[in-house]
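Student:
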Amino acid sequence: MFAQQMMEGYSHLNDTARFQATSLIGNWLEERELRRSILKECLAKKSSGSLRLDAYHQRMATALAEVELTKVADAPYVHCGDVVQLVHLEKGGPRPLCLFSKPPSNTHYAKYSRKQLVGLTYRDTFDTVWQVLTPDPNQRVVSEGVEVLAGSPIILVHCATQKPLIMESQVYPNDFGNEWELSARQSTSAGLKLASEQTSTGILKGSIPKGENSLNYFTFITGTKVERLPVSGSKNEAADDVLASFVADVKSRPGAMSLLEKKLVTLSSANNELAADELLLLVRQVGSQIPESDVQVLVQHFLTHKRDVIDAGSLLQAIRVRNTN
């Protein structure tokens with residue numbers, strides 16, 4: 580049995596007088612109010628700056644903003660409200676980081692690929708030792724000890740596990756954009772072309788080494804050319820002699836060495852930079868009476884590419900080395 584509407588084919592639905600393209604059907608009122616409420620909420624968050632994108636930009640601007648430390652020339656003491664930097668007295672400035680790798684285990688593995696872990700550490704151990712190899716396996720023996728050309732493809736092999744560094748296909752987002760995961764493993768191809776070429780020259784197929792593919796290829800990129808090369812020869816020897824006499828003079832005064840290290844850390848900026856004219860004032864504050872000409876020798880030796888700015892971190896490291904000898 581069929582209903583009357585089924586027999587007539589729902590002819591009343593085709594009535595153009597009742598149903599048109601602009602006719603609203605379903606829960607149109609609820610959907611319209613829902614869209615309006617979503618738009619109002621988005622505009623309210625935009626006006627208050629609580630959108631995720633605005634919060635991201637604010638967080639990045641705060642993290643990357645350069646902070647200027649408070650510097651008082653006439654009173655080198657910490658005051659209430661000063662912007663200061665906390666630095667460990669023994670280690671000095673920022674410590675260098677080394678690329679390390681560990682064999683995969685239950686506690687050490689790459690986050691996404693679960694391969695051999697690669698990361699950065701400040702510990703100088705055998706886990707941070709890498710060897711530079713050429714991508715061609717047949718040239719690795721003859722190229723041992725040859726200088727590495729900047730910009731040329733190389734392979735970094737971890738000395739402890741003999742696994743080359745590789746860029747995985749896993750991409751994950753962070754505050755700075757998309758980042759590719761690094762691990763340590765060998766990625767080889769079939770190598771049929773290489774096998775055919777070497778077989779034609781008389782090399783046995785069983786002795787043909789397989790080379791890594793492009794996922795294991797890296798390169799060293801150098802910086803821009805320096806404006807001035809470091810001084811060499813007699814100038815270096817003169818600076819070493821002045822530094823040795825200066826350290827000996829400071830060591831002969833009780834408490835002067837610790838005061839010198841503290842003032843170098845205090846007066847230097849976040850980039851371990853110190854104005855050249857402040858070095859003479861610093862030398863006199865610790866009680867040393869070396870000639871002003873010797874101070875100028877130290878200034879010229881530790882001068883950076885910036886004008887009248889010396890590298891306070893290198894000076895502090897050289898003083899500590901002389902102090903331990």
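Plus 579 on top of the position in the sequence shown (first one is 1) and you've got the working numbering. Just so it is clear, CB atoms sit at the ideal spot from N, CA and C, and this is done for glycine as well.
#1: Just reading off the alpha helix (DSSP H) that Ser616 is part of, what are its end residues?
#2: Taking just the CA atoms, how far does Ile604 sit from Arg611?
#3: Roughly how many whole angstroms lie between the Cα atoms of Tyr691 and Glu760?
#4: Just confirm the distance between the C-beta atoms of Val865 and Leu839, as a whole number of angstroms; I'd bet it's less than 8 Å.
#5: For the alpha helix (DSSP H) holding Ala634, just list the boundary residues, first then last.
#6: Assuming Ser762 contacts Glu791 under a Cβ cut-off of 8 Å, what Cβ separation, rounded to an integer in Å, is found between them?
#7: Following the continuous alpha helix (DSSP H) through His880, name the residue where it begins and the one where it ends.
#8: Look at the Cβ atom of Phe825, then the Cβ atom of Ser872, and state whether they are nearer than 8 Å.
#9: If you pair each beta-carbon of the segment 852-862 with each one of the segment 876-889, do three or more pairs fall below 8 Å?
#10: Looking at C-alpha atoms only, which residue of Leu643, Val646, Leu744 is the closest neighbour of Ala689?
#11: Is the CB-CB distance between Ile889 and Asp828 below 8 Å?
#12: Write down every uninterrupted run of the alpha helix (DSSP H) in the segment 676-754 whose length is 4 residues or greater and which is fully enclosed by it, in chain order.
#13: Assess contact between the segment 708-720 and the segment 734-742, defined as three or more Cβ pairs (one per stretch) separated by less than 8 Å. Is contact present?
#14: What separation, rounded to the nearest whole angstrom, lies between the Cα atoms of Ser837 and Asp706?
Tutor: Inspection of the coordinates gives the following:
#1: For the purposes of this step, residue 616 is identified with residue 37 of the sequence shown, where counting begins at 1. Following the DSSP letters along the chain, one finds Ser616 inside the alpha helix (DSSP H) bounded by residues 607-627.
#2: As a first step, residue 611 is located in the sequence shown; it is residue number 32 there, counting from the start. As a first step, residue 604 is located in the sequence shown; it is residue number 25 there, counting from the start. Distance between the alpha carbons of Arg611 and Ile604 is about 12 Å.
#3: Position 112 of the sequence shown, counting from 1, holds the residue named residue 691. Position 181 of the sequence shown, counting from 1, holds the residue named residue 760. About 8 Å.
#4: Within the sequence shown, residue 865 is the residue found at index 286, counting from 1. Within the sequence shown, residue 839 is the residue found at index 260, counting from 1. The C-beta distance from Val865 to Leu839 rounds to 5 Å, short enough to meet the 8 Å contact threshold.
#5: The residue given as residue 634 occupies position 55 in the sequence shown. From DSSP, the alpha helix (DSSP H) with Ala634 extends over 631-643.
#6: In the sequence shown, the residue the question calls residue 762 occupies position 183. In the sequence shown, the residue the question calls residue 791 occupies position 212. Actually they are not in contact, since the Cβ atoms of Ser762 and Glu791 sit about 14 Å apart, beyond 8 Å.
#7: Position 301 of the sequence shown holds residue 880. Residue range 871-880 is occupied by the alpha helix (DSSP H) that includes His880.
#8: The residue labelled residue 825 in the question sits at position 246 within the sequence shown. The residue labelled residue 872 in the question sits at position 293 within the sequence shown. No, they are not a contact pair.
#9: With three or more CB-CB distances shorter than 8 Å, the segment 852-862 counts as touching the segment 876-889.
#10: Here residue 689 refers to the residue found at position 110 of the sequence shown. Ranking the options by Cα distance to Ala689, first place goes to Leu744.
#11: Residue numbering aside, residue 889 sits at position 310 when the sequence shown is read from its first letter. Residue numbering aside, residue 828 sits at position 249 when the sequence shown is read from its first letter. No; because the gap between Cβ atoms is not below 8 Å, this pair is not in contact.
#12: Positions of the alpha helix (DSSP H) runs, each at least 4 residues long and wholly inside the segment 676-754, cannot be given because no such run exists.
#13: Output reads yes: the segment 734-742 touches the segment 708-720.
#14: The count along the sequence shown starts at 1 and reaches residue 837 at position 258. The count along the sequence shown starts at 1 and reaches residue 706 at position 127. Straight-line spacing of the CA atoms in Ser837 and Asp706 works out to 34 Å.
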